[in-house]
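Report on the structure given below.
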Amino acid sequence: MQIRVLKFGGSTFQRNADFNTIAEFLKSRLEQDSDKLVVVVSAMTGLTDEFHKLAFEINTNPSPEALDSFLPLADTIGANLLRLAVEAIGTSAKVLSGYQLGIITDSNFSHASIQRIDRTVLKQTLAEVDIVLVPGGQAVDLHNRPTFLGRNSSDFTAVILAATLELESCEIFSDVSGIYSADPNLIQNTRLLETVSFDTAINFSLSGAKVLHYISVQVAKDKGVQIVCRYNRDDYRIGTVIGSGKTSKATILDPRSIILEFASKRDFEIARLKLQLANIPVILLEDQKMPMLVVTCGFFDAVKFLAESGIEAHRRNSLLISEFNGDSLVLRHIVSTSEAIEVCQTIHDRLYKHNESPKPSQSNVN
Numbered sequence: 000m001q002i003r004v005l006k007f008g009g010s011t012f013q014r015n016a017d018f019n020t021i022a023e024f025l026k027s028r029l030e031q032d033s034d035k036l037v038v039v040v041s042a043m044t045g046l047t048d049e050f051h052k053l054a055f056e057i058n059t060n061p062s063p064e065a066l067d068s069f070l071p072l073a074d075t076i077g078a079n080l081l082r083l084a085v086e087a088i089g090t091s092a093k094v095l096s097g098y099q100l101g102i103i104t105d106s107n108f109s110h111a112s113i114q115r116i117d118r119t120v121l122k123q124t125l126a127e128v129d130i131v132l133v134p135g136g137q138a139v140d141l142h143n144r145p146t147f148l149g150r151n152s153s154d155f156t157a158v159i160l161a162a163t164l165e166l167e168s169c170e171i172f173s174d175v176s177g178i179y180s181a182d183p184n185l186i187q188n189t190r191l192l193e194t195v196s197f198d199t200a201i202n203f204s205l206s207g208a209k210v211l212h213y214i215s216v217q218v219a220k221d222k223g224v225q226i227v228c229r230y231n232r233d234d235y236r237i238g239t240v241i242g243s244g245k246t247s248k249a250t251i252l253d254p255r256s257i258i259l260e261f262a263s264k265r266d267f268e269i270a271r272l273k274l275q276l277a278n279i280p281v282i283l284l285e286d287q288k289m290p291m292l293v294v295t296c297g298f299f300d301a302v303k304f305l306a307e308s309g310i311e312a313h314r315r316n317s318l319l320i321s322e323f324n325g326d327s328l329v330l331r332h333i334v335s336t337s338e339a340i341e342v343c344q345t346i347h348d349r350l351y352k353h354n355e356s357p358k359p360s361q362s363n364v365n
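Sequence positions in the sequence shown follow numbering that gives the first Met the number 0 and run 0 to 365.
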């Protein structure tokens, strides 16, 4: 029996009709290449933020346990709306929320870690229906309390379920076609990379690229699960395969990077240790006159975090550009915010000479 795991990001569902569109696509997959589907669903764009705002309007200091019980309901709504659309076209489906799925975690609310997985209910449900719909990021602790696997954890859920079902791959559908040689919204003449190695994708993510979260890719590598990134519109085959691919040339400008300087080497070392212990992605730049730390991968108030530990950090008005040359060497460039896009474009043009004709920005991944 051919089972496939698919994940659809929240940007897939901009309008109510999008649920019907995806339902038709899922039905076509059952007709063409799949016997059963496990579909991980994220909340509609903005819904989790609305729930978050509502929670804090009611309680300005909610407990992490209460938030883990409430906020994931946004993903549950998305999964159930897709079930309604699937059933409307005559396909059988059920939703397995976190308390039903069999993913057991510790009690570290909002950032729970998986302890074990019981796939009994998942296997039973697959035997009953064609499509099992799973809200992303949900689990329970040993006391059956709802827990959340953390930010960007819908991808993580898809990878874990594919590994649990002993599948070779999972498919991630989002609003980008795949992984590019640079951000196509900022840089001209970018290339869509057809294949990327696990390690390259992890390094891209840790450098601030808007690709899959590095933890999801690391788990996929450890479990031997290939990730196929696809576009959630039009030609669903467009995408990048993350697996045993080669190291790729790319230029990554992280507009969210935070460049930190310190008054002493001692402060630098303490800050590095505290950030790493908190699992905050950090890049060390020790070849500068004064060592610097770069915090990447999202919005995190590192200055406030360190100040609470008595460490003064100065944030530079600069951004990080990472240059991947197609080998194991990664060059780091600290540039002023105003010049970042221009510098990134220059580096990208050097990596991909003008006499190299750009590859079409699509990849027909079957």
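We put the CB at the ideal spot given by N, CA and C, even for glycine.
Coil, strand or helix - residue i by DSSP
| i | result |
| --- | --- |
| Asp-253 | strand |
| Cys-343 | helix |
| Asp-174 | coil |
| Thr-295 | coil |
| His-110 | coil |
| Ile-21 | helix |
| Glu-322 | strand |
| Ile-333 | strand |
| Glu-64 | helix |
| Phe-147 | strand |
| Tyr-351 | coil |
| Thr-104 | strand |
Reference residue i; option with closest CA among the options
| i | options | result |
| --- | --- | --- |
| Leu-25 | Arg-271, Leu-95 and Tyr-235 | Tyr-235 |
| Gln-31 | Arg-3, Ala-54 and Met-43 | Arg-3 |
| Phe-197 | Ile-186, Thr-189 and Gln-217 | Gln-217 |
| Asp-154 | Gln-187, Thr-124, Ala-22 and Ile-214 | Ile-214 |
| Leu-369 | Ala-126, Val-131 and Glu-64 | The first residue shown for the chain is 0 and the last is 365, placing residue 369 beyond what the model contains. |
| Arg-229 | Met-43, Ser-168 and Thr-124 | Ser-168 |
| Asn-143 | Ser-176, Leu-100, Leu-125 and Val-175 | Leu-100 |
| Ile-269 | Met-289, Cys-296, Ile-258 and Ser-308 | Ser-308 |
| Gln-13 | Leu-29, Ser-41 and Val-37 | Ser-41 |
| Leu-125 | Lys-35, Gln-187, Val-240 and Asn-188 | Lys-35 |
Contact set for residue i: own chain, Cβ-Cβ below 8 Å, skip 5 residues either direction
| i | result |
| --- | --- |
| Leu-70 | Thr-47, Phe-50, His-51, Ala-54 and Phe-147 |
| Ile-113 | Ile-102, Ile-103, Thr-104, Ala-138, Leu-148 and Ile-159 |
| Ile-201 | Tyr-213, Val-216, Gln-217 and Lys-220 |
Cβ-Cβ distance between residue i and residue j below 9 Å
| i | j | result |
| --- | --- | --- |
| Ile-320 | Val-342 | yes |
| Ala-249 | Leu-191 | no |
| Ala-78 | Ser-96 | yes |
| Leu-292 | Ala-301 | yes |
| Glu-322 | Ile-340 | no |
| Thr-372 | Gly-242 | Nothing about residue 372 can be reported from this structure: the residues present for the chain run from 0 to 365 only. |
CB-CB length for residue i against residue j, believed under 8 Å
| i | j | result |
| --- | --- | --- |
| Ser-33 | Ser-173 | Actually they do not touch by this definition, with Cβ atoms about 20 Å apart. |
Own chain partners of residue i with C-beta closer than 6 Å, once the 5 adjacent residues on each side are dropped
| i | result |
| --- | --- |
| Glu-127 | none |
| Leu-205 | Tyr-213 and Pro-280 |
| Asn-363 | Note that Asn-363 has pLDDT 45, beneath the 50 cutoff, so the model's placement of it is unreliable and the number below is only indicative. Cβ neighbours of Asn-363 beyond the five flanking positions: Arg-236. |
| Leu-252 | Ile-320, Ala-339 and Cys-343 |
Neighbourhood of residue i by C-beta, 7 Å cutoff - its chain only, sequence neighbours within 5 removed
| i | result |
| --- | --- |
| Val-334 | Ser-317, Leu-318, Ile-320 and Val-342 |
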